[in-house]
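Scroll down for the structure; my scribbles are underneath it.
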């Protein structure tokens with residue numbers, strides 16, 4: 184029998200590797216920018232067209248490549264980062280596998296221009312689908328210039344897999360943020376469709392300044408520094424104050440040796456000191472940087488390199504939690520009992536000395552037999568000279584005389600007509616109304632259980648309604664109707680409130696801004712991810728306008744909205760969640776009745792817009808089996 188196993192061609196192998204390495208345009212930008220960082224670049228420019236679907240260009244001023252290196256860089260497992268297996272345990276660069284450029288060249292059209300500082304002429308290389316089209320000398324500046332065009336042009340299924348431009352651009356911004364936050368000494372720029380989105384100038388080693396440049400100045404006042412240096416690792420960075428906590432989309436970043444990572448175990452270490460300081464379910468922002476010996480971590484366990492294994496996880500966990508707790512205490516961000524002593528005299532503490540001689544503390548006299556529970560009930564006090572109140576009454580011979588003594592006459596208080604009306608019995612309608620009111624109080628149609636559920640009797644048994652979800656359904660239908668009719672009313676704010684969004688959130692905001700305007704929001708774009716909230720939809724009085732908009736943007740970003748229907752759903756659902764009756768709010772009988780009636784008039788009685796159950800019925804048979 185002939186042999187059936189054969190080596191795959193490089194083009195096929197590269198295309199298979201691209202399935203793991205290059206998932207979307209954000210993956211291309213991540214790999215190219217990390218290579219530019221490894222090349223020692225001081226300025227990196229990223230330009231995308233159509234969210235990277237049409238073209239991606241990354242320009243750096245690093246050390247560049249020779250003509251031979253430029254050609255070899257696109258071969259599989261060709262890298263300058265490692266030489267032997269031992270180098271895998273002491274990685275000091277972002278890339279090391281040598282698969283990124285080969286994978287990109289397998290699914291896109293690539294043009295590379297590069298020159299080293301010692302060379303007078305650089306090189307220009309063109310590759311399309313793993314095939315080298317042309318390589319020739321060219322006059323180019325020092326550094327590298329990668330132009331990636333028509334991503335997934337030879338894999339139609341992968342190209343169809345890509346989401347909308349808004350979603351892909353949001354993913355690109357997220358990947359870009361994870362890199363720029365680590366290297367404040369590098370000047371980064373990002374442009375989308377010839378429009379500059381970010382221009383982050385080099386700020387030395389100031390991580391705080393880079394965080395402010397990316398996420399806005401409003402975050403600066405909520406950052407508490409964290410810094411601890413041990414023999415195991417060095418931890419530095421910032422955590423947010425308790426008042427900066429958010430339900431969703433809190434900026435939470437871990438970096439290990441300049442590499443972004445996700446680590447739920449360390450996330451719990453950061454959140455543990457905040458357990459009693461923030462409401463349950465909310466998150467605080469943090470930017471934590473770990474400096475760990477390279478031999479104590481393993482980054483080669485996941486294709487995206489966002490999961491990292493530590494040798495001393497439990498030790499680092501304790502160090503991290505202690506550092507965050509110390510930061511909260513050092514900057515007096517933990518609530519404490521504080522007495523107002525301003526302007527009050529200082530009372531010195533008495534110290535007994537020999538000058539005062541012998542003295543004893545004063546004695547307190549008390550009755551040890553006294554028991555308040557054995558004492559007689561308090562008798563009404565008798566006024567002095569009470570006999571004078573009744574002088575003359577003993578000589579009165581008739582009740583009329585007694586009445587004159589007291590100077591009391593019913594006619595002086597009530598007229599004859601009023602007396603007649605009082606003697607009449609209430610009419611039947613009045614009496615029935617009184618009786619019905621009493622009966623309603625005694626036997627209401629709906630009963631509220633623990634401020635969470637509305638219970639009412641139905642023919643089949645006992646119906647239990649989740650009041651929060653029911654109100655979400657009612658409000659969701661109302662907001663969808665407003666979006667369809669464009670008939671929303673706006674409640675103007677006396678003073679506009681400022682809203683600062685991150686670059687990735689700003690992309691989502693631009694997508695959903697027409698829907699927010701249709702709902703009744705008055706938002707003014709101030710540039711740089713800042714918006715002025717001048718008005719909110721009617722019915723949201725008492726809610727924080729900035730928090731409401733942030734929640735809607737976070738929900739829209741999570742759902743990766745792509746079509747108008749999804750956008751309308753996300754916006755209406757986010758607004759309904761914020762405006763709905765919270766758990767724990769006590770409702771009157773009239774309010775419960777109105778809510779139930781509005782629920783049964785909605786489009787879907789049984790389920791909330793997010794698919795959660797609203798109504799549950801406890802049948803009569805189930806109730807009977809309980810007894």
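Residue numbers (the working numbering): 184 to 810. Even glycine gets a Cβ: it sits at the ideal position worked out from N, Cα and C.
Are three or more beta carbon pairs between the region 750–767 and the region 656–666 nearer than 8 Å?
-> yes
Is it right to say residue 775 is buried, meaning 16 or more other beta carbons lie within 10 angstroms of its own, or is it exposed?
-> buried
Based on the DSSP secondary-structure assignment, which residues constitute the bridge partners of residue 296?
-> 307 and 328
Short Cβ contact (8 Å threshold) for residue 286 with residue 326 = no
Taking one C-beta from the region 383–394 and one from the region 347–360 each time, how about it: are there three or more such pairs within less than 8 Å?
-> The region 383–394 vs the region 347–360: no contact.
How would you call residue 765, buried or exposed, if buried means at least 16 neighbouring beta carbons within 10 angstroms?
-> exposed
Whose C-alpha, out of 359, 646, 634 and 260, is nearest the C-alpha of residue 805?
-> 646
Proximity to residue 366 [Cα-Cα], best of 808, 247, 782 and 221 | 221
Out of 259, 247 and 386, which has the shortest C-alpha to C-alpha gap to residue 324?
-> 247
Have a look at 307, 301 and 236 and flag the residue whose alpha-carbon is nearest the alpha-carbon of residue 290.
-> 236
For residue 716 and residue 792, the rounded distance between their alpha carbons | Per the coordinates, the alpha-carbon of residue 792 lies some 27 Å from the alpha-carbon of residue 716.
Nearest neighbour of residue 677, chosen from 640, 688 and 728 [CA to CA] = 728
Report, in whole angstroms, the separation of the C-beta atoms of residue 508 and residue 456, which I expect to be a contact under 8 Å.
-> 4 Å
Beta-ladder partner(s) of residue 816, from DSSP = Residue 816 is absent from the model: the chain starts at 184 and stops at 810.
Return helix, strand or coil for residue 319, following the three-state DSSP convention.
-> strand
So the alpha helix (DSSP H) residue 448 belongs to, where does it begin and stop?
-> 447–454
First through last residue of the alpha helix (DSSP H) which encompasses residue 653 | Counting along the chain, the alpha helix (DSSP H) containing residue 653 begins and ends at 650–668.
Is residue 370 helix, strand or coil by DSSP?
-> strand
Integer Cβ distance of residue 331 from residue 242, believed to fall under 8 Å = With 8 Å as the limit, residue 331 and residue 242 do not qualify as a contact, their Cβ atoms being about 12 Å apart.
Alpha carbon of residue 395 to alpha carbon of residue 427, nearest angstrom | C-alpha separation (whole angstroms): 15 Å.
Taking 8 Å as the cut-off, decide whether the C-beta atoms of residue 480 and residue 491 are in contact.
-> Residue 480 places its beta carbon less than 8 Å from that of residue 491.
Is DSSP giving residue 803 helix, strand or coil here?
-> helix
So what does residue 706 bridge to, in DSSP terms?
-> 716
At least three beta-carbon pairs within less than 8 Å, the region 700–713 to the region 662–675 = yes
Would you list the residues sitting across from residue 796 in a DSSP beta bridge?
-> 790
Given that a residue counts as buried once 16 or more other Cβ atoms are within 10 Å of its Cβ, and exposed if not, what is residue 497?
-> exposed
Spatial distance of residue 262 from residue 443 (CA atoms) = 21 Å
Endpoints, beta strand (DSSP E) assigned at residue 682 | 673–683
Could you tell me which of 228, 731, 730 and 684 sits nearest to residue 708, measuring between CA atoms?
-> Of 228, 731, 730 and 684, the residue nearest in Cα terms is 684.
Residues that DSSP places opposite residue 243 in a beta bridge | 227 and 327
Length of the line joining the Cα atoms of residue 778 and residue 654 | 7 Å
Which residues mark the beginning and the end of the beta strand (DSSP E) in which residue 495 is found?
-> Per DSSP, residue 495 belongs to no beta strand (DSSP E) and is neither H nor E.
Spatial neighbours of residue 795 within its chain, please: CB distance less than 7 Å, with the 5 preceding and 5 following residues excluded, ordered by chain position.
-> 652.
Look up residue 351 in the DSSP assignment and say whether it is helix, strand or coil.
-> helix
C-alpha distance - residue 789 paired with residue 798, whole-angstrom precision = 6 Å
Check residue 638 in the structure and name its three-state DSSP category.
-> strand
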